[in-house]
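Shown next, in structure tokens, is the structure this report addresses.
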Amino acid sequence: MRQGLVAALGFLALALLFTGWVWSQDLPPAQWWTALRDADAPSYAQAAFALSAVPRLLVALLAGAALGLSGFVLQEVLRNPLAEPATLGLSAGAQLGVTTALLLLPGLGAGGRMGAALLGAGIVGGLVLGPNFRRGLDPVRVVLTGLVVNLMASGLATLLALMQFEYLRALFVWGSGSLLQNDGSVARRLAMVVLPVAALLCLLARPLALAGLGDASMRSLGVRLAPFRMASLGLAVVLAGVVTADVGVIGFIGLAAPHLARLSGAGRSSDRVWLAPLFGAALLAGSDALVQGAAPVLGMVPTGTLTAMLGAPLILLLLPRLASTAMPRPPAPAPTGRPPGPLVLPTILALPVVAILIAGLGPAGDMPFDLALALEWRWPRMLAAAATGALLALAGALIQRLLGNDMASPEVLGVSSGAAAGVTLAFLVLPVFAPASLLGFALAGAVAAFVALLSVGGRRGFSSERLLLAGVALGTLVSGAVSLVIASGHPRAAYVLAWMAGPTYRADMTTSLAAAAVLLATLPLALSMARPLTLLPLGPATARALGLALGRTRLAVLSLAAVATSAAVLVVGPSSFVGLIAPHLARTLGFTRAANHLLVSATIGATTLMLADGLGRSLMFPYEIPAGVLASLLGGPYFVWALSRTR
């Protein structure tokens, strides 16, 4: 505890000292007290210090502490090192609420926007926690539901933003987390909520300290699991919701602060409950001081963006020191007593064809176009959607079996994030968007991310928690950079946003055939790994006892998943929802054997993206809904319903 406290206080002191140095550039320290004491400051510098600089620091400290405490509670209760406020979809819900409110009520004031953000966050929190409450808020189910609902809310917000990009461009500044203040009202609102909620969490200190012991031990010690989890998760959501409503989406603090507390030497939960808020406050205050200090050179960069871009490398550097944490590992999949019916696969394959044909019918129920001519123009796009959907689903199935974790998806590799960074850079620097040039930039980014993942997360035998944390850190770093580009108002920012949403309209014959070729190459290789993929979920000890070379096997599976993800991202953008949902749906339908699971997952992925692409062209014609967004909106509700019904 002492070592961790010294580290946290030292980090906080450095952040405060740097903030003071930034203040001194505009106002001498001798005038600080005069500016605070005199309500009617005689100079602009004194007024800015009292009404903007000091409230901004207070907001940074309160918001950082709240997010750090919220992340600690989520990680302890869910026993998952990846849990954070964003995992429950809170940030995406708040963003969707504000986006919708601005479209319906353009003149909405600050109070109304705060209410809309809190309402969106509350609705999403209810959607995540509600279906899982009767099952005792099972940690894995809650996080899975949160990931899916988060993707659905993000998809809706992205769709609205694409339709009204010029009108809503300023919203991306809020979405990136801006701490600019005009008075002390935000600091007062945060203090009025954060301090009482923190006090209530102190009443739950004992069960929080026992959360890592497991459900059976907690019950034997008298803890009522469902009420405890509901209360603690609810308070964590309130903390994150208030911060999001007042200052926007501040990423990575909730994830990084608890891990920094653990890395500082705090092994007990009773120690980390105090250290996580301190690290959160120090991280956000230090990031904001850097933003202010670099403003003359870089302009006003949103603080949330810089927080993600600074915190992610910090986690990557410290990750080798992280002790193993208790990742929720589901039991190994076993064949179900009720095998899938013979009509399951034909139904999956026929669904997109029927839906696309229905969407193309005219008012009289006929098809007012030449089907052969339409297919001549559309088949490259349909082939691209099918191939990339299958590749994403195949990568998702490989990753979930490799890590033995239902929360894994292609984005945790960091390869899709690296490809996204490469394509974003290409959009900004290339005069013409040539397919070959975009391919080169995307491949370079994907390879760089893959090398970083192997060098950082692959130590100590590719442990699941390190790979997942390394992938999330890489994804957060890239998301911060992309958010910075979008919020900057660059003329090509709309291209970046549209590509991130997963459109397929750029697909031509060359890219479609290339994606299909990659699928034909990777699918047989994946099927040849059926035995290792059956043994990996059993755990390292069992797999070794059965003669499996874990190091080489994991490297081979990870490399194959990386290739599949990279090829898909090059065509439809970093849309990873299919990679998360398709393997789950395949298991729900009864396909649990490794080979069958891979084949059906790829089939479901291809079907989902084909259906999304076909309907996206027709539902809002002449506007087009990107396939990645529509895929999340189509598959999300069914996935949540199916997850709530499985035992």
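FYI, this note's numbering numbers position 220 of the sequence shown as 205, with every residue one higher than the one before it.
A virtual CB, placed ideally from N, CA and C, is assigned to each residue, including glycine.
Keep in mind the model is a prediction, meaning the values are calculated, not measured.
| query | result |
| --- | --- |
| Count the C-beta pairs between the stretch 545 to 553 and the stretch 507 to 522 that are closer than 8 Å, then say yes if the count reaches three, no if not. | yes |
| Pop quiz: Gly599 and Gly374 are said to be a contact at Cβ under 8 Å. What is the actual Cβ separation, rounded to whole angstroms? | The pair is not a contact, with the Cβ atoms about 12 Å apart (cut-off 8 Å). |
| Is the separation between the beta-carbon of Leu594 and that of Ala571 shorter than 8 Å? | no |
| Would the beta-carbon of Leu583 fall within 8 Å of that of Leu377? | no |
| Give the C-beta separation of Ala434 and Gly399 to the nearest angstrom, bearing in mind that I take them to be a contact with Cβ-Cβ under 8 Å. | 4 Å |
| Flag this pair as touching only if the stretch 75 to 87 and the stretch 223 to 236 have three or more C-beta atom pairs under 8 Å; answer yes or no. | yes |
| Helix, strand or coil for His475, going by three-state DSSP, please let me know. | coil |
| Between the C-alpha atoms of Pro607 and Val470, what's the straight-line distance to the nearest angstrom? | 28 Å |
| Assign Gly590 to one of three DSSP states: helix, strand, or coil. | helix |
| Mind reading off the beta-carbon distance from Thr550 to Ser401? Whole number of angstroms is fine, and I expect it under 8 Å. | 5 Å |
| Spatial neighbours of Val44 within its chain, please: CB distance less than 7 Å, with the 5 preceding and 5 following residues excluded, ordered by chain position. | Leu164, Gln166, Val171, Ala172, Leu175, Val232 |
| Where does Tyr623 fall in DSSP's three states? | helix |
| Using DSSP with H/G/I as helix, E/B as strand and the rest coil, what is Ile235? | coil |
| Quick check on Ile638: does DSSP put it in helix, strand or coil? | Past the edges of the chain, shown from -14 to 632, lies residue 638, and the structure says nothing about it. |
| By the three-class DSSP mapping on this structure, what secondary structure does Gln166 have? | coil |
| If I'm right that Ala106 touches Thr229 with Cβ under 8 Å, what's the distance once you round it to whole angstroms? | 6 Å |
| Using a Cβ-Cβ cut-off of 6 Å (strictly less than) and excluding sequence neighbours within five positions of Pro568, which residues of its own chain qualify? | Gly381, Ala382, Gln385, Ser586 |
| Count the C-beta pairs between the stretch 247 to 263 and the stretch 6 to 17 that are closer than 8 Å, then say yes if the count reaches three, no if not. | no |
| Is the distance from the Cβ of Ser249 to the Cβ of Ala455 below 8 Å? | no |
| Would you mind reading off the limits of the alpha helix (DSSP H) that contains Phe576? | First-last for Phe576: undefined, no H or E at that position. |
| Measure the beta-carbon distance from Val134 to Val625 and round it to whole angstroms, keeping in mind my assumption that it falls under 8 Å. | 7 Å |
| So, are the CB atoms of Asp200 and Leu210 less than 8 Å apart? | yes |
| Please state the DSSP three-state secondary structure of Leu459. | helix |
| Please state the DSSP three-state secondary structure of Gly74. | coil |
| Output the boundary residues of the alpha helix (DSSP H) element that contains Phe412. | 400 to 414 |
| Could you tell me whether any Cβ in chain D is nearer than 8 Å to the Cβ of Ala68? | Absent from the structure: chain D. Only one protein chain is present. |
| Give me the Cβ distance between Leu132 and Thr85, rounded to the nearest whole Å; I'm assuming they're in contact under 8 Å. | Their Cβ separation, rounded to whole angstroms, is 22 Å, which puts Leu132 and Thr85 out of contact at 8 Å. |
| Of the residues Gly(-11), Gly110, Leu459, which one's Cα is nearest the Cα of Ser653? | Outside the shown range of the chain (-14 to 632) lies residue 653, about which nothing can therefore be said. |
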